[in-house]
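Heads up, the thing below is written out as structure tokens.
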Amino acid sequence: MPKTSPWRKAWAYRTSAQALFEHEAPTLARKLYFEQGLSHRLLTPEEERRLGRKALKGDKAAQHELVAHNLKLVVPVARHYVYTGVSPLDLLQEGNIGLMEAAKRFDPRKGFRFSTYATWWVRHHISRAVVDRLRREVRIPLHTEQALNELHDAREYLLKKGVEPTVSALAERMGKEPDKVRKLISFETRFESLSGSAYGEDYESGYAGKKVEDLLPSREASPEEELLAERTKWRVRRLIPMLPRDHEAVIRARYLIPYRRSVEGTLEHAVNLLIHENETGKPTHREIGERVGPFMSAGRVLVRERIRQIEEETLEKMRKKAA
0 MPKTSPWRKA
10 WAYRTSAQAL
20 FEHEAPTLAR
30 KLYFEQGLSH
40 RLLTPEEERR
50 LGRKALKGDK
60 AAQHELVAHN
70 LKLVVPVARH
80 YVYTGVSPLD
90 LLQEGNIGLM
100 EAAKRFDPRK
110 GFRFSTYATW
120 WVRHHISRAV
130 VDRLRREVRI
140 PLHTEQALNE
150 LHDAREYLLK
160 KGVEPTVSAL
170 AERMGKEPDK
180 VRKLISFETR
190 FESLSGSAYG
200 EDYESGYAGK
210 KVEDLLPSRE
220 ASPEEELLAE
230 RTKWRVRRLI
240 PMLPRDHEAV
250 IRARYLIPYR
260 RSVEGTLEHA
270 VNLLIHENET
280 GKPTHREIGE
290 RVGPFMSAGR
300 VLVRERIRQI
310 EEETLEKMRK
320 KAA
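For the sequence shown, numbering that gives the first Met the number 0 gives the first residue as 0, with consecutive numbering after it.
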């Protein structure tokens, strides 16, 4: 596979930064992440190891240099959380804290690149900030909150040890069955999936999530096509709250995107309840028709074929509007 050229990497970085600051673009932040992020080249493996050895011994200058040369790692992660209600500047601040923590703890003897290790820390800090904020808005059972805290603590412990926080590693640390850890990660990321997640759908990575842009047809794409599709993906994420109420409910239920707030006895509550009770994947059309249908405008149980029609019609309209 041919290497990605420097200008293409710069374009990808600018695209991510523009998406992050699409609605809120303070001059200082733009300057920092457009200019600082592009002004430092990537380190060679040898330079990385040399700085890593010094940084691990507490050399502040080496730690600072590792951070400066990898500042651009924060933006691609942070931009996936831009619609969670946490401001871009706060997302960047949390990501930077994770990057600085990685610079202090990176051990080149472990065999992985700094970018890989640092991305774990950046994700961890941003994810925790987002979930902490949403906890204040969405009531969850005390035992679930305690389990989430235990998950975060286990993940942070593994990161400090330089161990990738996979499901198996988390399960061993927490003393739980892997399946229970997967369900806990799934519950955690349903908060994050209010507007998208930075993590793919690989539960074994210790992070999991569902991207709203997955509603678009998936296909193999060249780097140029992926970059050109960025704006389309972000438009799709913004379209969901603009849908007719019934259609929005079906899409949210099918793709596990809960409402931020809900009141018992309402359509929103029925959708959120179905999402949180579902542990095996997205609800079927039949389940949505039976559980959510009575709260839709029809006021009755809807057959699965009608739910399927609503889903297909809505997705087609979203694709056209996002194009």
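Glycine residues also receive a C-beta, built at the ideal position from the N, C-alpha and C atoms.
Consult DSSP for residue i and reduce its assignment to one of helix, strand or coil.
i	result
Thr313	helix
Thr43	coil
Tyr116	helix
Ala60	helix
Val300	coil
Arg318	helix
Glu23	Here the model assigns Glu23 a pLDDT of 47, short of 50, so the residue's position is not dependable, and the following value carries that caveat. Of the three classes helix, strand and coil, the one that applies to Glu23 here is coil, per DSSP.
Ser126	helix
Arg260	coil
Leu98	helix
Tyr156	helix
Gly174	coil
Pro282	coil
Phe294	helix
Asn148	helix
Pro164	coil
Ser185	helix
Tyr254	coil
Asp106	coil
Val211	Low confidence applies here, because Val211 scores a pLDDT of 38, under 50, leaving its location unreliable and the question unanswered by this model.
Gly84	coil
Val243	First, the amino acid is wrong: residue 243 is Pro here, not Val. Pro243 falls in the coil class under three-state DSSP.
Asn271	helix
Thr265	coil
Do residue i and residue j have their C-beta atoms within less than 7 Å of each other?
i	j	result
Val262	Ala248	no
Ile96	His142	no
Leu150	Leu183	yes
Leu41	Val66	no
Arg122	Val85	no
Tyr80	Leu90	yes
Spatial neighbours of residue i within its chain, please: CB distance less than 8 Å, with the 5 preceding and 5 following residues excluded, ordered by chain position.
i	result
Ile309	Asp245, His246 and Val249
Asp106	Gly51, Leu55 and Gly161
Val300	Gly288, Glu289, Gly292 and Pro293
Arg112	Pro44 and Glu47
Phe186	Thr143, Leu147 and His275
Glu395	The chain is shown only over 0 to 322; residue 395 falls outside these bounds and no answer can be derived.
Glu267	Ala248, Tyr258, Arg260 and Ser261
Met173	Glu149, Leu150, Ala153 and Val180
Ala170	Glu176, Pro177, Lys179 and Val180
Val76	Gly94, Thr118, Val121, Arg122, Ile125 and Ala197
Pro240	Glu247
His68	His39, Arg40, Leu41 and Leu42
For residue i, which residues in the same chain have their Cβ closer than 7 Å to its Cβ, ignoring the five residues on either side in sequence?
i	result
Ile306	Val249, His284, Ile287 and Gly288
Arg49	none
Ala61	Leu50, Lys53 and Ala54
Leu242	Ile250 and Thr313
Lys389	Missing from the structure shown is residue 389; the chain here goes from 0 to 322 and no further.
Asp152	none
Leu72	Leu98, Ser114, Ala117, Thr118 and Val121
Asp58	none
Lys109	Gly161
Lys327	Absent from the model: residue 327. The displayed extent of the chain is 0 to 322, so no value can be given.
Val302	Gly288
Ala297	none
Glu311	none
Thr265	Phe294
What does a CB cutoff of less than 6 Å around residue i pick up in its chain, not counting 5 residues either side in sequence?
i	result
Ala101	Tyr116, Ala117 and Trp120
Glu93	His124, Ile125 and Ala128
Met295	Asp245
Leu273	Ala252, Pro282 and Arg290
Glu64	Leu50
Please tell me whether residue i has its Cβ less than 7 Å away from any Cβ of chain C.
i	result
His63	Here there is only one protein chain, and chain C is not present.
Taking 6 Å as the cut-off, is the C-beta of residue i nearer than that to any heavy atom in the ligand GTP?
i	result
Thr313	No copy of the ligand GTP appears in this structure; indeed no ligand is present at all.
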